[in-house]
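Take a look at the structure set out below.
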Amino acid sequence: MTIKVSITALFFLGLNTLFTAQSISGKITNNKGEAIPYAEVSAEYQKEKFYTITNASGNYTLKVSKNNDYTLNVFNNGAKVYTHSLTVKGDINKDVIINEEVKEKEIQGVVLTSRKKIIEQKVDRMVFNLENSIASQGMSGADALRNTPLIRMDDQQGVSIVGKSGVSVMINGKMLNLSGSELTNYLQSLRSDDISKIEVITTPPAKYEAQGNSGLINIILKKNTNFGWSGSLNTSYQRNTKDGFRNGVNINYRTNKLNSSLKLRHYDNGYSPVGSRDLISDVNKIFTEEKREDRTYGLGLNYSLDYEINKNSNIGVIYDYGSSRYTMDSRNRSRYFTGLVPDSTLNTHAMHKWMTPTHTLSAYYDLKLDTLGKKLSVVGNLLNNQPNKTNDFVTTNLLNLNESIVRNESLLKYNVFSGQADLSLPYDWGTVETGGKYTFLKNKSNVGYYEYLSGRYVINPENSNVFDYEEQNYALYASLEKKFGKKWVAKAGLRYEYTTLEGTNDDGQNNIKNNYGKFFPSLYISYNPNANHSLSVKYSRRITRPDFQSLNPFRWYTNPYIYYTGNSSLQPSFNDNVEVSYTFKNKLTISAYNQYTQNGYSSIARLLNGVYSNRVENSYDQNKIGLNLTYYDTFFKVWEFSANMNASNGRTSPLIPELQEISVNSFLYSFYNTIAVNKSKTVFVMLNFWHSLPFTFGSTYVKDQLEFSPGIKASLFNKQLQLSAVLSDAFRTVKNNGYTEYSGYRENFNQYNDYRRFTFSLTYIFGNSKVKGASKSIRFDEKSRAN
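Taken in order, the sequence shown gives residues -20 to -1, 1 to 767; the numbers are from mature numbering (1 follows the signal peptide of the UniProt record, and there is no 0).
Here it is in structure tokens:
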């Protein structure tokens, strides 16, 4: 470690420290004679400061610039435990003995009075302080979300807020351009020990992008406040029907001015989904069955660099690269009937190969305007994403033995740029936030449909297309938060967004051109009569703009008689969200909510002339009312318990003739338990269970689901080695079964995505374990629009 610190000091701290002869060295021990590793040591003289950290044996060497009188300070676990004045003339030796008993008393006094509660209710969000939870040790970021109140985590379908839909995930305010299994793989690369808190924002305020259906989840990483090196290595093995692996490396370094972090990630997982999808009308019927072998593989890195220009300003960059490969070997059987008479039976063998390289770059500048907290932040973001997809399928008609061989090639290119400025102005009478943002999206799709004829692939122009899409969005917002006495807090905001868009097709048809401006208000009122009670009312309006694929009118075939297509005439949908909440002792929260969706869109299935089509359309309005109850507590200082219950009623009104009005009640409850089984709290048992009764989305009805996932985790060698073993979906009961009602026909679906698995993971933490990686709040909301 000493070699690494010296080499890095050459680059980051300058050559001058290498040519000085003055140094302070020694050993830091406690009153029992035990070495204290990774303690921070500093020497200060007027405006000059010099830093180092002790090694694993408690030894340190601190170089200073010249002979002088210095103040020597020692910090351990974030607290100053020693200070002493000394005169440096040449090299001197200074051993330090820390009185552990005094230190413990001092720290206990601070902790008892200042430690944050695990659950906090703020005026516009719920905060789960994960770092204060005994469940926070030795888990992945995905596991941490599973233990967070109000959040559901699905390994392949992603993350959601209970009772909500269309939720987006941010890391330090930076929107992730990931969903489903890709989002899970990224969250698996994070460590719960690196997470400070998780914010659940059910009704986002005006500061955040209006895009997105219902809510936001913001994962706040711990800040790198200490000096030196740290890092972690993690690996995991999983077994469902296939073997899978995840690996990660995290390296952090900080000096007096510079803060940097490098994260490497890798995953290679396999699944064997099975399912069926049937389209049934009075006359025609299609019954489909599918068995798949899926494989996902990916590599990625994330590098962040923050430099402090002076005490009032800093600049930084964050770069992320991800390369993912996805292969799917699918065998599908489709049976067609007219009445009870079979028309044909088609067997399709499809091979899908998708590769997606993604580059994201963010650069920022922060300026503190005064010592009271006024701050200006300027951010620029760039995204380049170029998926390359090839689908080969061979379809055989078993009645006449005709064979069709088709190749679908898709070359996509997404480019997104955004620039924004945010100004925060806290005053004695309230806090004002205001800012603006500009976003430019340029997406291009070149899709070719090739038929295998006479020994070679020949393009079919009718089923091929080039679609170019450009969108610009201009946004301004302002909000005011004000306290009224000691009991009332109010926050009001207004955001205006103006959008222009244009899409062109190579055949000159289905072109789109539109522009519109909308206001998005938000309002929050909180009443806190004392420390045990809190009452709040929240409202916000949101927009869901169609993504690129939903607007692309190209037909994506899975066999010659089944295709999926976008809709160039698709319009955005809007959501109004109202929530009333009561919290008792930051443990029990009861919330009543109403969500109204206007002009919602979904994929509409139709059967015409033997062709089974799925087209995205604005198809419904929906009003959903619900009641949510959350309880979180710690018993006997060793058992953390979380319970959640959600009941709702959704009523859908159709906007197109094919849909029918539908009203469905739903009920979900869950219990999460983390129990320490030894006195030192290094071994834990986890018992997690959830059960969802039937629910509806749009005009789609989904049957009940449940999951039981037991596990165990342990921290060894002073918590430097962490192990866990979890059996997910132990009874193989997480299945996606249900139907969608249309006018005159019905679509049934049954899907099992191979959720049951055993996972064993191992993490090793090295270096200064108090350093948790550089973090910066960057928002790049439009990344999700590029897919």
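All residues carry an ideal CB built from backbone N, CA and C; glycine is no exception.
Taking the alpha-carbon positions, what's the residue i to residue j distance?
i           : j           : result
residue 228 : residue 250 : 18 Å
residue 419 : residue 478 : 11 Å
residue 474 : residue 413 : 11 Å
residue 676 : residue 647 : 11 Å
residue 260 : residue 103 : 49 Å
residue 108 : residue 70  : 51 Å
residue 436 : residue 330 : 18 Å
residue 443 : residue 544 : 12 Å
residue 278 : residue 247 : 5 Å
residue 698 : residue 574 : 48 Å
residue 552 : residue 238 : 43 Å
residue 49  : residue 173 : 39 Å
residue 126 : residue 669 : 10 Å
residue 747 : residue 30  : 20 Å
residue 386 : residue 432 : 6 Å
residue 587 : residue 720 : 14 Å
residue 131 : residue 199 : 12 Å
residue 192 : residue 488 : 31 Å
residue 391 : residue 468 : 55 Å
residue 16  : residue 692 : 30 Å
residue 583 : residue 273 : 25 Å
residue 187 : residue 114 : 33 Å
For residue i, which residues of its own chain have a beta-carbon under 6 Å away from its beta-carbon, when the five flanking residues on both sides are left out?
i           : result
residue 340 : 300, 363
residue 717 : 683, 730
residue 344 : 296, 359
residue 24  : 51
residue 335 : 305, 368
residue 244 : 229, 281
residue 89  : For residue 89, the predicted model reports a pLDDT of 38, less than 50, meaning its position is unreliable; a value from the coordinates is still stated below. None.
residue 1   : Summary for residue 1: the model assigns pLDDT 47, below 50, so the residue's position carries little reliability, and this model does not support an answer.
residue 613 : 567, 621
residue 428 : 389, 439, 444
residue 687 : 670, 709, 714
residue 448 : 424, 484
residue 578 : 554, 601
residue 214 : 228, 743
residue 311 : 271, 329
residue 609 : 570, 625
I believe residue i touches residue j by the beta-carbon criterion, under 8 Å. Please report the beta-carbon distance rounded to the nearest angstrom.
i           : j           : result
residue 317 : residue 265 : 4 Å
residue 275 : residue 307 : 5 Å
residue 736 : residue 708 : 7 Å
residue 346 : residue 355 : 7 Å
residue 602 : residue 722 : Residue 602 to residue 722, Cβ: 16 Å. No contact.
residue 650 : residue 101 : Residue 650 to residue 101, Cβ: 20 Å. No contact.
residue 286 : residue 292 : About 14 Å; that fails the 8 Å criterion.
residue 618 : residue 656 : 4 Å
residue 599 : residue 635 : 5 Å
In its own chain, which residues sit with a C-beta less than 7 Å from the C-beta of residue i, not counting the 5 before and 5 after it?
i           : result
residue 122 : 133, 164, 167, 168
residue 777 : Residue 777 lies beyond the range of the chain shown here (-20 to 767); nothing can be said about it.
residue 219 : 737, 738
residue 68  : 2, 4, 44, 47, 48, 50
By Cβ distance below 8 Å, which residues in the same chain neighbour residue i in space, the five residues on each side in sequence not counted?
i           : result
residue 185 : 104, 459, 471, 473, 502, 504, 520
residue 240 : 232, 233, 234, 283, 284, 285, 286, 754
Q) Which whole runs of the alpha helix (DSSP H) in the region 542 to 583 are 4 residues long or more, in chain order? A) Entirely contained in the region 542 to 583, not one alpha helix (DSSP H) run reaches 4 residues.
**Q.** Segments assigned beta strand (DSSP E), at least 3 residues, entirely inside the region 235 to 321
**A.** 238 to 251, 254 to 261, 264 to 290, 293 to 318
Q. Is the number of C-beta pairs between the region 252 to 262 and the region 276 to 285 that are closer than 8 Å three or more?
A. no
Q | Cβ contact (3+ pairs, closer than 8 Å) linking the region 369 to 379 and the region 394 to 412 | A | no
Q) Touch check for the region 619 to 631 and the region 586 to 594: three-plus C-beta pairs under 8 Å? A) no
Q.
Which runs of the beta strand (DSSP E) at least 3 residues long sit entirely within the region 168 to 239? Give them in chain order.
A. Listed in chain order, they are 175 to 181, 196 to 201, 208 to 219, 223 to 234.
(Q) Please give me, in chain order, every unbroken run of the beta strand (DSSP E) with length at least 3 that falls completely inside the region 399 to 457. (A) 410 to 433, 436 to 439
Q. Curious, which full-length beta strand (DSSP E) runs of at least 3 residues does the region 363 to 393 contain?
A. 368 to 377
Q.
Does the region 457 to 475 come into contact with the region 552 to 564, if we say contact requires no fewer than three beta-carbon pairs (one atom in each stretch) closer than 8 Å?
A. no
Q: Give, in chain order, every unbroken run of the beta strand (DSSP E) that is at least 3 residues long and sits entirely within the region 467 to 528.
A: 468 to 485, 492 to 510, 513 to 524
Q | Ranges of the beta strand (DSSP E) found wholly within the region 627 to 679, counting only runs of at least 3 | A | Listed in chain order, the beta strand (DSSP E) elements of length 3 or more contained wholly in the region 627 to 679 are 642 to 656, 663 to 672, 675 to 677.
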